[in-house]
Amino acid sequence: MSVTVETVATTPYEGQKPGTSGLRKKVKVFTQKNYTENFVQCILDANGSALAGSTLVVGGDGRYFCKEAAELIVRLCAANGVRKILLGQNGILSTPAVSSLIRRHKALGGIVLTASHNPGGPENDFGIKFNCENGGPAPDAFTNKIYALSGEIKQYKIAPVAVDVGKVGVTNADVNGAPFTVEVIDSVADYVLLMQEIFDFERLRDFVSGKSRPGGQALKMRIDSMNGVTGSYVEQIFVNCLGAPKDGVVHTTPLPDFGGLHPDPNLTYAKDLVDTVRAGDYDIGAAFDGDGDRNMIIGRKAFFVTPSDSLAVIAHYLECIPYFKRNGVQGLARSMPTASAVDRVAEALGKEMFEVPTGWKYFGNLMDAGRLCLCGEESFGTGSNHIREKDGVWAVLAWLSLMSHTGKSIEDICVEHWKRYGRNYFTRYDYEECDLAPCNEMMETLEKTITDGAFVGRELSAGGKTYKVKLGDNFSYNDPIDKSVSTKQGLRIVFTDGSRIVMRLSGTGSSGATVRLYIDSYEKENVLGSASEMLKPLIDIALEVSKLPTYTGRNAPTVIT
């Protein structure tokens with residue numbers, strides 16, 4: 001196939017600024033004339049001279065416009081000097097699989113087509129992000145460069161390379177005299193191989209089948225892919241490799257609109273899973289988001305494991321996983337809004353502990369420097385240094401390894417952990433698609449209040465409890481590896497007993513503003529209480545101090561986790 005590069009005149013679109021993890025907008029925005037072409041051209045231009053002769057990975061979560069965008073990206077890459085594309089079959093690759101492929105094939109990076117946990121379909125969301133050569137999300141300096149280019153773009157280059165994205169195979173083309181290759185690959189194979197290198201699949205198969213369990217009873221699982229990208233991965237790993245019954249995995253067909261489901265694995269949007277596990281005889285339930293990097297874990301009768309606890313418990317038992325037994329345990333890390341349960345595990349293990357801003361890219365430098373091996377975010381993300389993304393399927397395999405190692409239920413593992421380390425009660429309130437202007441005003445006003453020198457030392461009361469302010473700030477992060485500084489990463493009120501109120505505007509929404517309010521409180525002795533009851537005084541204080549109901553016009557959050 002011989003094709004000629006075409007140069008197309010274009011004009012900039014406003015607002016092509018990547019957020020926490022890429023550019024997310026409504027499908028109707030991305031399908032405007034030249035909108036996607038502009039943004040992808042800016043991604044390619046941001047790579048500069050490194051693009052010539054490079055290999056890129058392309059794939060996404062299968063949502064509406066994913067396949068068409070993948071075909072378009074192939075044509076843009078062909079015209080801009082890329083030598084080879086590794087493309088997931090039908091345009092599908094989970095975000096963890098993209099990271100794995102970049103690292104295994106030493107690619108320059110990857111273009112990931114996903115809006116993660118946002119709803120899909122022609123009336124909903126689409127997204128594009130760039131992962132760099134370490135397999136992780138592009139750092140701020142790179143995404144700032146993309147944004148700068150998007151405001152100046154005058155043309156893009158495209159070449160009419162035709163590829164059957166639904167068929168595994170190789171397509172070769174001559175593009176203005178230069179060779180160009182597209183390899184459509186099995187979306188699952190590389191990732192499954194990686195999981196087999198990390199975990200003891202033989203032991204897990206014996207555990208799932210009941211061979212190594214008391215009484216020989218098979219493990220009863222309910223794994224819900226929520227019609228997102230993980231379906232094929234789940235069937236191959238849990239059913240074909242580990243021998244789980246096929247009826248234990250549900251919603252495993254990736255659908256452009258996720259079958260009407262909201263692919264966010266939390267107690268609100270994964271209600272079907274929660275209700276089914278609560279009413280049934282299941283040992284473990286799990287759900288994933290649209291692109292497979294987030295996870296929710298529940299035990300018998302829908303016992304909920306908060307992401308903060310999940311990270312801490314896995315950290316305590318890391319060496320029961322062969323990968324860490326071989327490679328050792330380096331530092332641990334969490335995002336700033338995540339409760340500090342893992343901090344106490346790090347202290348007990350004598351390991352470095354890092355607190356970073358929200359966004360997985362902040363963990364990458366620490367991992368590349370060999371100082372971090374496990375990390376997590378309260379937004380249902382957990383992962384390790386096997387890749388540079390959070391990884392939902394990995395997290396479920398980690399929990400199966402813990403259950404096999406201890407011989408205990410999920411609830412018993414958590415309760416034992418709390419009795420050893422104490423418990424961080426934690427909740428997050430999400431107020432989605434609020435008007436942006438009043439939310440910005442709220443954050444500005446609150447920042448002035450809590451950073452006023454007179455705020456420290458104040459006593460705030462509600463529900464018969466009084467908390468004394470130790471610190472009020474807008475979180476800043478000094479990267480210990482590249483010395484970069486990230487400012488204005490979330491407003492914090494820290495009390496003398498360690499309790500915290502955190503508020504930030506999310507960078508993952510496609511329209512309006514999403515306000516996230518985080519509350520956590522540490523208890524050494526009272527570890528078996530109700531989180532909603534234990535945290536109510538702090539929640540009331542947070543709503544009063546921030547005047548959040550007044551600014552948002554909301555009497556209740558969209559989602560509570």
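For the sequence shown, the residue numbers in full-length UniProt numbering are 1 to 561. Built from N, CA and C at the ideal position, the CB exists for glycine as well.
Alpha-carbon to alpha-carbon, residue j and residue i
i, j, result
"PRO307", "THR7", "48 angstroms"
"VAL161", "ILE73", "10 angstroms"
"ASN172", "SER54", "15 angstroms"
"PHE303", "SER546", "32 angstroms"
"residue 562", "VAL485", "The requested residue 562 does not occur in the structure, where the chain is confined to residues 1 to 561."
"VAL27", "LYS33", "12 angstroms"
"SER379", "SER506", "11 angstroms"
"ALA80", "ASP257", "The residue you asked about is not Ala; residue 80 is Asn in the sequence shown. Approximately 32 angstroms, taken between the alpha carbons."
"ARG382", "ARG423", "First, the residue type needs correcting, since residue 382 is Thr and not Arg in the sequence shown. Using only the alpha carbons, I get a separation of about 19 angstroms."
"ILE223", "PHE455", "47 angstroms"
"CYS241", "LEU517", "40 angstroms"
"GLU183", "ALA138", "24 angstroms"
"SER49", "THR487", "30 angstroms"
"GLY290", "GLU123", "16 angstroms"
"VAL469", "GLU377", "25 angstroms"
"VAL170", "LYS67", "17 angstroms"
"ARG75", "PHE142", "23 angstroms"
"ILE111", "SER335", "24 angstroms"
"residue 616", "LYS361", "No answer is possible for residue 616: the residues shown for the chain start at 1 and end at 561."
"PRO96", "GLU355", "22 angstroms"
"LEU267", "VAL274", "7 angstroms"
"VAL250", "ILE410", "21 angstroms"
"PHE207", "MET442", "51 angstroms"
"ASN134", "CYS373", "15 angstroms"
"TYR421", "VAL163", "55 angstroms"
"TYR467", "ASP540", "12 angstroms"
Closest residue to residue i among the options (Cα-Cα distance)
i, options, result
"ALA542", "ASP391, THR487 and GLY463", "GLY463"
"VAL408", "VAL494, GLY376 and SER212", "Note that residue 408 is Lys in the sequence shown, not Val. The residue with the shortest Cα to Cα distance from LYS408 is SER212."
"ILE298", "ASP391, ASP482 and TRP399", "TRP399"
"GLY260", "ARG75, ASP125 and PRO337", "ASP125"
"ARG492", "GLY472, GLY350 and SER499", "GLY472"
"GLU352", "GLY359, CYS375, PRO337 and ALA339", "CYS375"
"GLU533", "PHE426, PRO557, ASP45 and GLY331", "PHE426"
"SER521", "LEU535, THR514 and GLY529", "LEU535"
"LEU349", "HIS316, GLY243 and THR561", "HIS316"
"LEU86", "THR561, ASP190, ASP264 and SER530", "ASP190"
"SER476", "ILE413, LYS361, PRO357 and ARG500", "PRO357"
"TYR551", "ASN440, GLU416, SER461 and THR31", "ASN440"
"LEU255", "GLY177, GLN236, SER384 and GLY91", "GLY91"
"ASP61", "GLY135, PHE288, ALA9 and VAL82", "PHE288"
"GLY392", "GLY22, LEU548, VAL5 and ILE237", "ILE237"
"TYR64", "ASN327, SER116, GLY109 and THR338", "SER116"
"LEU397", "THR11, GLY136, ALA244 and ASN134", "ALA244"
"ALA178", "SER461, GLU447 and MET1", "MET1"
"VAL277", "PRO18, GLY248, SER401 and ARG294", "GLY248"
"ASN118", "LEU372, ARG388, CYS373 and GLY228", "GLY228"
"ASN264", "ASP293, ASN134 and THR445", "Going by the sequence as given, residue 264 is Asp instead of Asn. The candidate whose alpha carbon is nearest that of ASP264 is ASP293."
"LYS17", "THR10, PRO537 and TYR35", "TYR35"
"GLN89", "ILE102, ARG104 and VAL58", "VAL58"
"ASN365", "GLU347, VAL502 and GLU389", "GLU389"
"GLY109", "LEU93, ASN47 and GLY121", "ASN47"
"ILE314", "ALA270, CYS414 and ALA279", "CYS414"
"ARG300", "LEU318, ALA279 and LEU311", "ALA279"
"PRO549", "MET367, ALA70 and PRO438", "PRO438"
Residue(s) in a DSSP beta bridge with residue i
i, result
"GLU377", "GLY381"
"ASN424", "TYR522"
"VAL502", "ARG492 and TYR518"
"PHE126", "LYS25"
"SER2", "ASP174"
"PHE304", "ILE298"
"LEU113", "GLY60 and ILE128"
"PRO256", "PRO256 pairs with nothing; no bridge assigned."
"PRO137", "ASN131"
"TYR431", "VAL515"
Short CB-CB distance (under 8 angstroms) between residue i and chain C
i, result
"ALA70", "In summary, chain C is missing from the structure at hand, where a single protein chain is found."
Give the list of continuous alpha helix (DSSP H) stretches no shorter than 4 residues that lie fully inside the stretch 142–230.
List check, alpha helix (DSSP H) in window: 189–198 and 201–209.
Which ranges would you report for the beta strand (DSSP E) in the stretch 331–357 if only whole runs of at least 3 residues count?
Listed in chain order, the complete beta strand (DSSP E) runs (minimum 3 residues) inside the stretch 331–357 are 332–335 and 353–356.
Review point. Does the stretch 317–326 come close enough to the stretch 187–202 that 3 or more CB-CB pairs lie under 8 angstroms?
Key: By the Cβ criterion, the stretch 187–202 is in contact with the stretch 317–326, since at least three pairs of Cβ atoms, one from each stretch, lie closer than 8 angstroms.
- Would the stretch 51–65 and the stretch 139–149 be scored as touching if the rule is three or more Cβ pairs under 8 angstroms? The stretch 51–65 makes no contact with the stretch 139–149, as fewer than three CB pairs between them are under 8 angstroms.
Between the stretch 551–560 and the stretch 429–448, do at least 3 Cβ pairs fall closer than 8 angstroms? Contact between the stretch 551–560 and the stretch 429–448 is present, because at least three Cβ pairs lie under 8 angstroms.
Give, in chain order, every unbroken run of the beta strand (DSSP E) that is at least 3 residues long and sits entirely within the stretch 451–482. For the beta strand (DSSP E) assignment, the uninterrupted runs of no fewer than 3 residues enclosed by the stretch 451–482 are, from N- to C-terminal side, 459–462 and 465–474.
Any contact between the stretch 214–228 and the stretch 273–289? By contact I mean 3 or more CB pairs, one from each, below 8 angstroms. The stretch 214–228 is in contact with the stretch 273–289.
| request: Assess, as a yes-or-no matter, whether the stretch 441–460 is touched by the stretch 329–344 under the definition of 3 or more beta carbon pairs within less than 8 angstroms. | output: Because the criterion of three Cβ pairs below 8 angstroms is not met, the stretch 329–344 and the stretch 441–460 do not touch.
**Report entry** Every unbroken alpha helix (DSSP H) inside the stretch 33–83 [4 residues or more]
**Finding:** Here the runs fully enclosed are 35–46 and 66–79.
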